Amino acid sequence: MADRMADPLLVVDRVTRRFGGLLAVNSASLSAQKERITALIGPNGAGKTTLFSMISGFLKPSAGDIRYAGEVITGEPPHRLARRGIARTFQIVQPFGGLTVLENILVGAHLHHRGRAEALATAEEVCRYVGLHDQLDRQADTLTVAGRKRLELARALAIEPKLLLLDEVLAGLNPSEIRDIVPVIRGLCGRGITIVMIEHVMQAVMSLAEHVFVLAEGKVIAEGAPAQVAADPVVIEAYLGHGAAAKLRASHAH
Amino acid sequence: MRGFIPIVVVVAVLASVPLVIHSNVTLNFLVVALMIALAGQGWNILGGYAGQYSFGHAAFFGTGAYVTAILQVRYGVNAWIGFGAGIVCGAALGGVIGALTFRSGLRGSYFALVTLAFAEVLRIIASVAPITGAGVGTLIHLDLGARAFQFQSRAVFYWIILGLVTLSLVVARLIKQSRFGAWLIAVRENEDAAKALGVDTSSVKTTAMIISGAMTAAAGCFYAQYFLFVDSGIAYGTWISIEALLTPIIGGVGTVFGPLLGALAVRLLGEGAKLVTGDVPGLDLILYGAVLVLVIWFTPRGLIGGCAQVRGWFARRGRPAVPFINEAGHG
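Heads up: the protein sequence lines correspond to chains F and P, in order. Going by the numbering used here, the first residue of the first sequence is number 121, and it counts up by one from there. Going by the numbering used here, the first residue of the second sequence is number 8, and it counts up by one from there.
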């Protein structure tokens, strides 16, 4: 445990965000180890997406610090963080609707490749990796939900990130689509990418993440290995419910 | 380089027009249409590519026109240098307005209103400031000769404005296939997604506005040299703001040839409406407006988009019948 904590790529240090009278994130701290998958779970309205928006620069924290690769990045604008290597996907997918799949991904690929030819090569490679290569010329608007989620992931990968923030990329997918995409996400760690994911699909969290943080009402109420978190009575109280915890324990016993 | 062949063909055809047609009326018509096309291409870079709809491109047109005229008349500057200075000032104004509006995060209708306000403020200032000749306007002295950028022949003016339009087409084409162009279009489609992909949206938009301002200002500079007269209602009037946005919208927003096609169509329509309605005042404008409504109704993506629609329709009719399930798969 100790050696893993030694080298975090991302550290969120007692970050707070207020919206008027509402305390959306309340002194939350978490960290993500290099080339591993860290999950952020919690009930609806816990502040997970707000926390992501602060890490990716779309919102400024009211208090606290965010450190990335040893540097304080609190309050830097999103485009600069993207250049540093932080990519995010959106919970509500945000495709460039009027453009084709390839053109969508090309925008991201251009970040580190000025020339059209190199950018196209990167974009096509990313397309192949996420399994969109047979839909390159399709207009983004016409993709299925699963296709849009893949596109969201592909675009983020096209900027060649070091840290990837995935905001519910599995939500809205059916079990077979989830089975298809889980290995794609797992494979990214092998390519040197650190992942922090917000996810409601617990089976996927259990199978993908090595470390889980639980956010409830803006506070981190628990953290640890997935099985450990799932068994934590505080988490069960706040989020999972007794039935789900028992089921998970049963499935892990097998 | 294959992408530039259409530009070469279109420009070659247009360049040969004065060799065939010697009518001053026709040439005058084409000169004005090309000038509007240039102003419209400026609007198109910002509005069509980057999706920032300006209602005040008169600000750039007027600045180009006034700078060209005032430098010559009041400071004795050479007309060609004045022309260049007008373009530079248009670009600078684009940078200033862009920085002010985009840094403060204005989008959509707020951006449109602020650009309109800039143009109106400039119009009012120009109508009272002594340097612009206030209400009287500025008259450039007749001094025929290439040195003074004044020509007896309409054909020479025609080729000059065609040269400028050609340049604008090449710039539009280059932008379209560059990284900058991809970023502009990304901003148009979804600004937040663009930011997440590392696009500095406000600087990209400001750069677009600088290029846009330079192009529309060039049209204004040309106006001053062609008509040798500028006043506040012409230079900063809403007419040119409307022409500049109407031509790309009619022709095809965000396309390279949209503004040129739109300018020719809109100008033809205007003249045609006058011919049809004769002397009844205002009736031509009603006809003009009605046809515009119909064009936008039937081809929301402009004439170029409409052509693509018709082509697709014919292509589909030509193909053998496909099983229903395949069609549904494409939906």
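Every residue gets a Cβ at the ideal spot worked out from N, C-alpha and C, and that includes glycine. Please read these numbers as outputs of a predicted model, since none were measured by experiment.
A straight-line Cα-Cα distance of about 16 Å links Gly195/F and Ser147/F. By DSSP's assignment, Val128/P forms no beta bridge with any residue. With 16 or more neighbouring CB atoms inside 10 Å of its own CB, Asn224/F falls in the buried class.
When secondary structure is reduced to three states using DSSP, His331/F falls in the strand class.
Across the set Val178/P, Ile256/P, Tyr82/P, the C-alpha of Val178/P shows the shortest separation from the C-alpha of Ile14/P. Excluding five sequence positions before and after Ile279/F, the CB atoms of its chain that fall closer than 6 Å to its own CB belong to Ala202, Ala207, Gly228, Leu231, given in chain order. Taken in chain order, the complete alpha helix (DSSP H) segments of 4 or more residues contained in the stretch 304–359 of chain F are 322–328, 346–351. Our two residues, Gly112/P and Ile186/F, have alpha carbons roughly 25 Å apart in a direct line. Rounded to whole angstroms, the gap between the alpha carbons of Ala215/P and Val206/P is 14 Å. By the criterion of a C-beta distance shorter than 7 Å, Gly105/P is surrounded in its chain by Lys212, Thr213, Met216, Ile217, once the five residues flanking it on both sides are discounted. Between Thr136/F and Ser149/F, the alpha-carbon positions lie close to 9 Å from each other. Residue pairing of Ser175/P in beta bridges, as defined by DSSP: absent, with no partner found. DSSP, reduced to helix, strand and coil, places Leu113/P outside both helices and strands of the structure shown, so it counts as coil. Annotation for Gly47/P: the continuous alpha helix (DSSP H) segment containing it runs 31–50.
Pairwise C-beta distances place the stretch 216–234 of chain P out of contact with the stretch 249–256 of chain F, as fewer than three of them are shorter than 8 Å. Here Phe321/P is exposed, its C-beta having fewer than 16 other C-beta atoms within 10 Å. With a cutoff of 8 Å on beta-carbon distance, Met317/F and Ile157/F are scored as near each other.
Asp287/F has its alpha-carbon roughly 16 Å from the corresponding atom of Val304/F. Contact between Leu267/P and Ala44/P is confirmed by a C-beta separation of about 4 Å, below the 8 Å threshold. With the criterion set as a beta carbon lying under 8 Å from some beta carbon of chain F, the stretch 59–81 of chain P has no members that meet it. Collapsing the DSSP output to three states places Ala22/P in a helix.
Thr314/F and Leu283/F do touch by the CB rule: their CB atoms are close to 5 Å apart, below 8 Å. Among the residues facing chain F, Ile192/P is included, as its CB has a counterpart in that chain under 8 Å away.
Using a CB distance below 9 Å, the part of the stretch 273–304 of chain F facing chain P consists of Arg275, Ala276, Ala278, Ile279, ordered along the chain. Counting every other CB atom within 10 Å of its CB across the protein chains shown gives Leu290/F a total of 16 or more, marking it as buried.
Residue pairing by DSSP leaves Thr262/F without any beta bridge partner. A Cβ of chain F is located within less than 8 Å of the beta carbon of Asp199/P.
Only Gln184, Ser185, Arg186, Ala189, Trp190, Ile192, Ala193 from the stretch 169–193 of chain P bring a Cβ to less than 8 Å from some Cβ of chain F. Residues of the stretch 212–225 of chain F that bring their beta carbon within less than 8 Å of a beta carbon in chain P comprise Gln214, Pro215, Phe216, Gly217, Gly218, Leu219, Glu223, in sequence order.
Under the rule that a run must span 3 or more residues, the beta strand (DSSP E) segments found entirely inside the stretch 167–206 of chain F read 183–188.
The shortest CA-to-CA distance from Ala126/P to any of Ile247/P, Ala270/P, Arg308/P, Leu176/P is the one to Ile247/P.
Assignment of Gly312/P by DSSP, reduced to helix, strand and coil, places it in the helix class. The stretch 248–256 of chain P makes no contact with the stretch 136–156 of chain P; the number of CB pairs closer than 8 Å stays below 3. Nearest in C-alpha terms to Gln59/P, of all of Tyr82/P, Val317/P, Val260/P, is Val260/P. Neighbourhood of Lys202/P in chain F, by CB distance below 7 Å: Pro198, His199, in chain order.
With fewer than 16 other Cβ atoms from the protein chains shown falling within 10 Å of its own Cβ, Asp261/F counts as exposed.
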